[in-house]
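According to the working numbering, the sequence shown holds residues 928 to 1141 in order.
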Amino acid sequence: MSEDIKPTIFRRLFERVFPKMPDFFALLTEQCLHVGITAGRLVEFMETGDQNVGQLIRQDEHEADRVKIHNLHTLNEAFSTPIDREDLYRAIIDLDEIVNYCKTTVSEMEVLGLAPDKHCLEMAMHIKLGCDALAQGYSRLSKEPAAAAADADAARKAERRVEKNYRRAIAELFVGDDYIHMFKRREIYRHLSNAADRMANCANTLHDIIVKMC
928 MSEDIKPTIF RRLFERVFPK MPDFFALLTE QCLHVGITAG RLVEFMETGD QNVGQLIRQD
988 EHEADRVKIH NLHTLNEAFS TPIDREDLYR AIIDLDEIVN YCKTTVSEME VLGLAPDKHC
1048 LEMAMHIKLG CDALAQGYSR LSKEPAAAAA DADAARKAER RVEKNYRRAI AELFVGDDYI
1108 HMFKRREIYR HLSNAADRMA NCANTLHDII VKMC
């Protein structure tokens, strides 16, 4: 009987001194999937202007905060990590910021009395594509990290398309003399551009991780 007990005792002592490393790649993948859901709802909102969808996006922001806090707590408590802590931290924060900018976009459109337009929809669609690429890339890190490089590139490409749409939208916007409307609409475009910037940051972090792993 004592022979059966000893391994269990030793295992418990070992796990107490050297806790099992959390699956950070799975945590980041889950966070990416949450961001992708919000980005999909942003596209739907820009297609329909449905305030019920806008409310779902605002609720998503609270869930995103919960996921962020959980992941940061897990990172802080981890004895060891599979990659640099700084890379994990940056990914967690930037993924959360994408959701924050989606929520801010919808909230300010409501406050400013602005309806979606074609530029908002185009930018939202590219943000969604980029978020999907991030989710696929982070999900590959545990088994085929080198393959995730293509996903990082796809997310960066999506960000560049958002910026191209942003510049085109601004050029069309600042024609005429309705300056109040110009500044209102510019704020919305800027939030979408900021969401894309955070998406690019996540892609850059993903690429940094790939380089260090491969």
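By construction, the Cβ of each residue, glycine as well, lies at the ideal position given by its N, Cα and C atoms. Since this is a predicted model, take the numbers as computed values, not measurements.
Could you check where the alpha helix (DSSP H) with residue i kicks off and where it finishes?
{"i": "S1066", "result": "K1045 to R1067"}
{"i": "S1034", "result": "R1012 to L1039"}
{"i": "G1103", "result": "G1103 -> no alpha helix (DSSP H), and no H or E assigned at all."}
{"i": "G963", "result": "F951 to T975"}
{"i": "A991", "result": "Q978 to E1004"}
Just mark residue i as buried or exposed, buried being the case when its beta carbon has 16 or more other beta carbons within 10 Å.
{"i": "F972", "result": "buried"}
{"i": "S929", "result": "Model confidence at S929 stands at a pLDDT of 47, short of 50, so the residue's coordinates are unreliable; what they give is reported in the following sentence. Under this definition S929 is an exposed residue."}
{"i": "H989", "result": "exposed"}
{"i": "I1107", "result": "exposed"}
{"i": "Q986", "result": "exposed"}
{"i": "K1139", "result": "exposed"}
{"i": "H1118", "result": "buried"}
{"i": "T956", "result": "buried"}
{"i": "T935", "result": "exposed"}
{"i": "N1003", "result": "exposed"}
Considering only the alpha carbon of each residue, which of the options lies closest to residue i?
{"i": "V1026", "options": "L969, L1041, F1006 and E1049", "result": "L969"}
{"i": "E1090", "options": "A1075, G1103, Q958 and A1122", "result": "A1122"}
{"i": "A1096", "options": "P1043, I1136, A1075 and A1081", "result": "P1043"}
{"i": "M1050", "options": "A1018, N1092, L1100 and I1019", "result": "N1092"}
{"i": "K1030", "options": "T1001, G981, L999 and L1015", "result": "G981"}
{"i": "C1047", "options": "R1094, P949 and Q958", "result": "R1094"}
How about residue i and residue j: do their beta carbons lie closer than 8 Å?
{"i": "K1055", "j": "D1023", "result": "no"}
{"i": "C1141", "j": "A1073", "result": "yes"}
{"i": "I984", "j": "V1033", "result": "yes"}
{"i": "L1061", "j": "D1078", "result": "yes"}
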